[in-house]
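Structure, as structure tokens:
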Amino acid sequence: MSPVHVLHDAPLAPLTTFRLGGPATRLATATTDDEVIAVVREADQTGTPLLIIGGGSNLVIGDKGFEGTALRIATSGYALDGGTLELAAGENWSEAVARTVEAGLAGIECLAGIPGSAGATPIQNVGAYGQEVSATISEVVAYDRRTRETVVIPNAECAFSYRHSRFKADPGRYVVLRVRFELEDAGGMSAPLRYAETARSLGVRVGDRVPAADARRTVLALRAGKGMVLDAEDHDTWSAGSFFTNPILTEEAYGAFLGRVRERLGEDAAPPAYPAGEGLTKTSAAWLIDQAGFTKGYGAGPARISTKHTLALTNRGEATTEDLLALAREVVEGVRDAFGVTLVNEPVTVGVSL
Ligand SMILES: Cc1cc2nc3c(=O)[nH]c(=O)nc-3n(C[C@H](O)[C@H](O)[C@H](O)COP(=O)(O)OP(=O)(O)OC[C@H]3O[C@@H](n4cnc5c(N)ncnc54)[C@H](O)[C@@H]3O)c2cc1C
357 MSPVHVLHDA PLAPLTTFRL GGPATRLATA TTDDEVIAVV READQTGTPL LIIGGGSNLV
417 IGDKGFEGTA LRIATSGYAL DGGTLELAAG ENWSEAVART VEAGLAGIEC LAGIPGSAGA
477 TPIQNVGAYG QEVSATISEV VAYDRRTRET VVIPNAECAF SYRHSRFKAD PGRYVVLRVR
537 FELEDAGGMS APLRYAETAR SLGVRVGDRV PAADARRTVL ALRAGKGMVL DAEDHDTWSA
597 GSFFTNPILT EEAYGAFLGR VRERLGEDAA PPAYPAGEGL TKTSAAWLID QAGFTKGYGA
657 GPARISTKHT LALTNRGEAT TEDLLALARE VVEGVRDAFG VTLVNEPVTV GVSL
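First residue of the sequence shown: 357, per the working numbering; consecutive thereafter.
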């Protein structure tokens with residue numbers, strides 16, 4: 357079976373939200389699961405490198421592009437049965453969220469506005485405003501390139517953690533075909549709000565429920581104010597969202613970090629700190645970047661920090677991937693020099709590294 361659409365020497369930049377990256381030797385667009393599997397099998401049989409692309413909103417592709425087959429997943433399918441939702445990998449995530457809210461269901465309403473495809477959501481366990489997909493995904497249907505079979509992986513075997521999963525840990529092994537969710541019928545109300553900023557904006561307390569449509573609308577407004585909803589006219593959104601994950605520090609590393617913070621900012625300085633499991637503390641990458649002197653809008657070149665959010669690196673229109681990486685490296689080094697913490701990039705890099 358041949359895919360619907362194959363291009364040669366195809367530019368990949370237009371398929372990414374950064375609008376960056378060189379061409380792929382071959383770009384296939386698959387609109388059914390069978391087509392996805394056929395393209396993957398062919399690449400594997402011929403030893404051709406394969407790059408899976410969903411919405412391209414978490415990808416940094418090198419200026420030289422990709423030597424191999426880029427496979428764009430453009431499958432569709434939204435099936436709701438009670439609280440059970442099955443999404444084809446190619447479904448637009450944010451539109452699917454809107455539909456579940458319209459259907460009166462709760463569980464993913466605070467994940468509205470996250471760009472990209474449904475199939476990518478388990479990869480880094482997408483999360484925002486107090487929700488993560490790991491809380492509602494029941495199982496992931498994927499093509500396993502090692503066993504050459506379609507497998508159903510239950511939530512408990514997805515190894516979900518903060519911006520991480522079994523799929524991210526073993527890149528290249530699984531191609532997600534479908535994602536199944538168990539959503540809650542709370543009579544049109546949201547799940548209990550877990551994020552202080554959302555609760556504050558809605559005039560309620562953390563733990564309260566509000567109409568799910570209100571939660572979604574509020575999250576979208578908060579996100580838009582930070583340049584976190586795609587808008588082709590706004591260069592602050594030519595990004596991959598947060599460029600760095602929030603560092604998680606062991607007790608010892610946190611102690612050393614606190615020492616550096618107080619040395620630099622004074623004895624009363626208190627960095628953001630959240631419990632992140634046994635003996636672990638999560639701090640804020642945005643705070644670190646800002647305190648190290650990289651404030652909103654930082655940068656003189658075509659790649660700069662967003663004017664709305666310190667954590668988003670952006671393409672102002674004329675940037676190359678090398679410009680973006682130079683800025684990212686400058687931020688990593690600056691934060692390391694200031695606080696001894698090494699930031700890790702959240703987006704997936706292709707043919708390049710920090
Ligand atoms: C403005 C903006 C805001 C954002 N806000 C958030 C946020 O709040 N929270 C958050 O978690 N993320 C956020 N992101 C990052 C991004 O939107 C998510 O990570 C999203 O899930 C990526 O989906 P995608 O389809 O665009 O993936 P892509 O960028 O196309 O791919 C990302 C990775 O997943 C792999 N992949 C994609 N589809 C599949 C598949 N079907 N099977 C196997 N592998 C696959 C790719 O090979 C690649 O390694 C934001 C990005 C932007 C641009």
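Every residue, glycine too, gets a C-beta built ideally from N, C-alpha and C.
Coarse secondary structure for residue i, derived from DSSP in three states
| i | result |
| --- | --- |
| Asp419 | coil |
| Pro359 | Low local confidence applies: a pLDDT of 48 at Pro359 is under 50, so the model's placement there is unreliable, with the coordinate-based value given in what follows. Of the three classes helix, strand and coil, the one that applies to Pro359 here is coil, per DSSP. |
| Val531 | strand |
| Leu376 | coil |
| Val617 | helix |
| Tyr518 | coil |
| Arg397 | helix |
| Asn511 | helix |
| Thr431 | coil |
| Pro367 | strand |
| Asp389 | helix |
| Ala694 | helix |
| Tyr654 | coil |
| Ile493 | strand |
| Glu678 | helix |
Strand pairing of residue i, partner residues [DSSP]
| i | result |
| --- | --- |
| Lys638 | Ile604, Tyr630 |
| Thr440 | Asp437, Glu538 |
| Gly483 | Glu488 |
| His665 | None, per the DSSP bridge assignment. |
| Thr425 | Arg382, Leu406 |
| Asn448 | Ser473 |
| Leu461 | Asp541 |
| Asn701 | Phe600 |
| Arg660 | Thr670 |
| Pro567 | Met545 |
| Tyr499 | Thr506, Val531 |
| Val706 | Ile417 |
C-alpha gap between residue i and residue j, whole angstroms
| i | j | result |
| --- | --- | --- |
| Leu376 | Thr676 | 6 angstroms |
| Thr387 | Arg572 | 29 angstroms |
| Gly653 | Leu443 | 37 angstroms |
| Pro478 | Ser521 | 7 angstroms |
| Gly690 | Ala656 | 16 angstroms |
| Pro658 | Asp679 | 7 angstroms |
| Ala452 | Asp390 | 22 angstroms |
| Ser640 | Pro367 | 35 angstroms |
| Val687 | Glu505 | 42 angstroms |
| Phe704 | Ala399 | It is Val, not Phe, that sits at residue 704 in the sequence shown. Those two C-alpha atoms are separated by around 21 angstroms. |
| Asp570 | Pro405 | 44 angstroms |
| Ala648 | Asp624 | 17 angstroms |
| Asp365 | Thr381 | 5 angstroms |
| Ala454 | Leu621 | 43 angstroms |
| Glu607 | Gln401 | 47 angstroms |
| Arg692 | Ile645 | 10 angstroms |
| Gly424 | Ser413 | 20 angstroms |
| Gly486 | Tyr551 | 5 angstroms |
| Gly418 | Glu458 | 40 angstroms |
| Ala371 | Ala632 | According to the sequence shown, residue 371 is Leu rather than Ala. Cα-Cα distance, rounded: 35 angstroms. |
| Ile408 | Ala484 | 24 angstroms |
| Ser450 | Asp437 | 19 angstroms |
Proximity below 8 angstroms, CB of residue i to CB of residue j
| i | j | result |
| --- | --- | --- |
| Ser598 | Leu710 | no |
| Gly460 | Asp541 | yes |
| Ser494 | Arg536 | yes |
| Val507 | Ala498 | yes |
| Glu583 | Ser662 | Glu is not the amino acid found at residue 583; the sequence shown has Gly there. It is a contact, given that the beta carbons lie within the stated cut-off. |
| Leu578 | Ser557 | yes |
| Ile385 | Ala430 | Per the sequence shown, residue 385 should be read as Thr rather than Ile. Yes, they are a contact pair. |
| Gly439 | Leu363 | no |
| Pro548 | Gly563 | yes |
| Asn511 | His591 | no |
8 angstroms Cβ shell around residue i - same chain, five flanking residues per side excluded
| i | result |
| --- | --- |
| Lys420 | Gly378, Gly707 |
| Met545 | Ala462, Arg565, Val566, Pro567, Ala568 |
| Leu576 | Ala468, Gly469, Val585 |
| Met357 | Unreliable placement is indicated for Met357, whose pLDDT of 49 sits below 50; no coordinate value is reported for it. |
Close-in-space but distant-in-sequence residues of the same chain around residue i (CB under 6 angstroms, 5 per side omitted)
| i | result |
| --- | --- |
| Gly411 | Pro471, Gly472, Ser473 |
| Pro628 | Thr639, Ser640, Trp643 |
| Thr637 | Leu605, Tyr610, Ala629 |
| Thr593 | Gly583, Leu586, Asp587 |
| Ala435 | Glu442 |
| Arg618 | Ala625 |
| Val416 | Pro703, Thr705 |
| Gly433 | Ala444 |
| Lys664 | Lys582, Gly583, Asp592 |
Same chain only: Cβ atoms within 7 angstroms of residue i, ignoring 5 sequence neighbours per side
| i | result |
| --- | --- |
| Lys524 | Ile479, Gln480 |
| Arg561 | Ala555 |
| Val496 | Pro478, Ile509, Cys514, Val532, Val535 |
| Asn701 | Phe599, Phe600, Ala684, Leu710 |
| Gly696 | Ala612, Phe613, Arg616 |
| Leu681 | Val708, Leu710 |
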